[in-house]
Ligand SMILES: Cc1cc2nc3c(=O)[nH]c(=O)nc-3n(C[C@H](O)[C@H](O)[C@H](O)COP(=O)(O)OP(=O)(O)OC[C@H]3O[C@@H](n4cnc5c(N)ncnc54)[C@H](O)[C@@H]3O)c2cc1C
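In the working numbering, the protein residues as written are 438 to 816.
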């Protein structure tokens with residue numbers, strides 16, 4: 438067993454760190470304040486081959502393993518969690534299911550421009566009445582000739598207002614709760630697809646989140662993803678992959694909180710000495726580093742299992758719940774170390790604490806992760 442990244446993984450991690458320093462750090466505060474989608478940064482990510490990292494080069498990807506991709510998400514999120522999430526939801530939840538379940542034709546037509554970063558992807562599953570309880574969805578898809586007619590409202594769709602390609606889900610057989618939901622690939626320009634309410638959020642404000650409305654939206658039969666009735670399976674499989682990305686995002690946020698805390702505590706003088714000389718501060722910093730390292734190894738392990746072709750559902754859920762809760766706890770501790778200044782705009786830790794919270798909610802809440810873990814242990 439080797440606790441060491443390969444030279445290639447280290448190189449890609451360092452390249453992403455450099456990319457984030459150069460292109461993301463200079464805009465991170467502004468895009469948060471204005472809730473602005475950083476189109477120019479996403480374009481640069483695309484040019485650098487970062488938007489389709491774990492997919493084969495024949496489909497426009499970079500052909501690296503999932504662990505390397507997750508490490509890149511961590512490094513990007515260390516600078517800006519919203520930009521890290523834009524890349525992660527595009528890669529894990531939109532490109533991922535097309536790669537894993539799509540036909541050769543779908544991979545060429547939809548995945549290739551997405552993996553090249555020419556098209557941005559979104560994953561529209563959640564509905565106003567169906568969050569954790571995915572089965573409570575009400576969207577329907579009715580076959581009419583060679584087309585399915587989609588009707589329904591999806592909510593909280595990340596990348597929703599700016600995406601080109603949506604992976605979405607609707608009932609093709611409402612009476613079959615297990616095998617009645619089907620996944621579809623829907624291009625943005627399809628008549629009947631529109632962007633509804635756009636949400637103003639506490640954190641990851643540069644990530645764009647909206648409703649997606651399907652009103653008599655006609656989607657050709659060939660855009661069914663996987664088999665008719667496989668929707669629920671595809672959604673759950675996509676979450677397994679996506680959760681590794683969210684765990685990595687959480688570790689990136691927590692690492693940034695630690696970076697800021699070390700630097701600030703060495704500079705801030707109270708009682709005639711830097712606050713870092715107090716054991717109370719040292720212990721917070723020691724705990725942060727310990728938990729971050731533990732979280733990092735949890736997501737590395739889940740990604741490693743995935744790369745080996747081994748089952749990783751439980752490990753992805755474990756990584757996600759641990760890293761998310763660890764991230765929220767330590768982002769709050771980082772604000773504590775910064776005192777009153779940490780509570781005000783102008784200190785990065787204020788943004789980190791707001792960004793941290795969402796990692797406990799999306800791609801399955803912490804409670805949902807525990808259901809997955811317990812379900813695996815108790816079956
Ligand atoms: C910023 C943001 C981005 C998002 N991006 C996407 C996206 O791109 N695509 C997408 O499809 N969705 C997306 N979501 C939706 C997200 O996945 C859901 O918000 C999440 O799954 C929780 O659903 P809910 O908000 O309806 O909460 P609910 O399901 O109503 O849950 C409320 C609370 O009850 C708890 N709870 C529910 N059921 C149980 C139970 N059985 N046992 C114990 N506790 C339970 C939950 O854990 C939570 O604490 C996003 C959400 C946000 C806020």
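Beta carbons are placed, not taken as given, at the ideal position from N, Cα and C, and that holds for glycine. Owing to the predicted nature of the structure, the values given are computational and were not obtained by experimental measurement.
Residue(s) in a DSSP beta bridge with residue 608: BP columns for residue 608 point to 577, 618.
Alpha-carbon spacing of residue 552 relative to residue 626, whole angstroms: Going from the Cα of residue 552 to the Cα of residue 626 covers about 19 Å.
Contact check, residue 479 vs residue 523, beta carbons under 8 Å: With respect to the 8 Å criterion, residue 479 and residue 523 are classified as neighbours on the basis of their beta carbons.
Limits of the unbroken beta strand (DSSP E) element including residue 591: 584-595 is the span of the beta strand (DSSP E), which, as asked, contains residue 591.
As assigned by DSSP and simplified to three states, the class of residue 478: Residue 478 falls in the helix class under three-state DSSP.
Distance cut-off 7 Å: residue 765 Cβ against heavy atoms of ligand 1: Outside the cutoff, so no.
Distance cut-off 7 Å: residue 590 Cβ against heavy atoms of ligand 1: In this structure, the C-beta of residue 590 stays at least 7 Å away from each heavy atom of ligand 1.
Distance cut-off 7 Å: residue 675 Cβ against heavy atoms of ligand 1: Not under cutoff, so the answer is no.
Residue 712 and residue 518 closer than 8 Å at C-beta: No, the pair does not count as a contact, with Cβ atoms beyond the cut-off.
Selected residue, minimal CA-CA separation from residue 622, among 572, 638, 584: Nearest of 572, 638, 584 to residue 622, Cα basis: 584.
Counted within 10 angstroms of its Cβ, other Cβ atoms place residue 778 as buried (16 or more) or exposed: Burial call: exposed.
The region 752-759 contacting the region 598-611, beta-carbon criterion three pairs below 8 Å: These segments do not touch.
Nearest-angstrom Cα separation, counted from residue 744 out to residue 700: Each residue's Cα considered, the two are about 36 Å apart.
Residue of 814, 674, 452, 471 minimising C-alpha distance to residue 638: Nearest to residue 638 by C-alpha distance, out of 814, 674, 452, 471, is 471.
DSSP beta-bridge partners of residue 650: DSSP links residue 650 through a beta bridge to 590, 631.
Per DSSP, cross-strand counterpart(s) of residue 707: Answer is 710.
Anticipated Cβ contact below 8 Å, residue 527 with residue 558, distance rounded: So it is a contact: roughly 5 Å between Cβ atoms.
Test item: CB-CB of residue 688 and residue 733 under 8 Å: Between residue 688 and residue 733, the CB-CB gap stays under 8 Å.
Touch test, the region 488-500 against the region 455-467, Cβ-Cβ under 8 Å, three pairs minimum: Contact between the region 488-500 and the region 455-467 is absent, because fewer than three Cβ pairs lie under 8 Å.
Residue 637 CB to nearest heavy atom of ligand 1 below 7 Å: Relative to the non-hydrogen atoms of ligand 1, the Cβ of residue 637 never comes closer than 7 Å to any of them.
Three-state class that DSSP yields for residue 636 in the structure shown: Residue 636 carries a coil assignment under DSSP once its states are collapsed to helix, strand and coil.
Alpha-carbon to alpha-carbon, residue 706 and residue 676: Residue 676 and residue 706 have their C-alpha atoms spaced approximately 45 Å apart.
Range covered by the beta strand (DSSP E) that runs through residue 560: For residue 560, the uninterrupted beta strand (DSSP E) segment begins and ends at 558-561.
Inter-stretch contact at 8 Å, needing at least 3 Cβ pairs: the region 441-450 / the region 497-515: Yes, they touch.
Check: residue 512 C-beta below 7 Å from any heavy atom of ligand 1: Incorrect: residue 512 has no Cβ contact closer than 7 Å to ligand 1.
Rounded straight-line distance, which links the Cα of residue 708 to that of residue 750: Rounded to the nearest angstrom, the two C-alpha atoms are 50 Å apart.
Check whether residue 679 and residue 619 have beta carbons under 8 Å apart: No, the Cβ-Cβ distance between residue 679 and residue 619 is not below 8 Å.
Status (buried if at least 16 other CB within 10 Å, exposed otherwise) for residue 534: Under this definition residue 534 is a buried residue.
Separation of residue 740 from residue 503, as counted between CA atoms: Between residue 503 and residue 740, the alpha-carbon positions lie close to 6 Å from each other.
Same chain, Cβ closer than 8 Å to residue 695, five either side skipped, listed in chain order: Cβ neighbours of residue 695 beyond the five flanking positions: 722, 725, 726, 729, 767, 771.
Which residues DSSP lists as bridging residue 659, in chain order: In DSSP, residue 659 forms no bridge with anything.
C-alpha distance - residue 409 paired with residue 564, whole-angstrom precision: Past the boundaries of the shown model lies residue 409; the chain is included only from 438 to 816, so the question cannot be answered.
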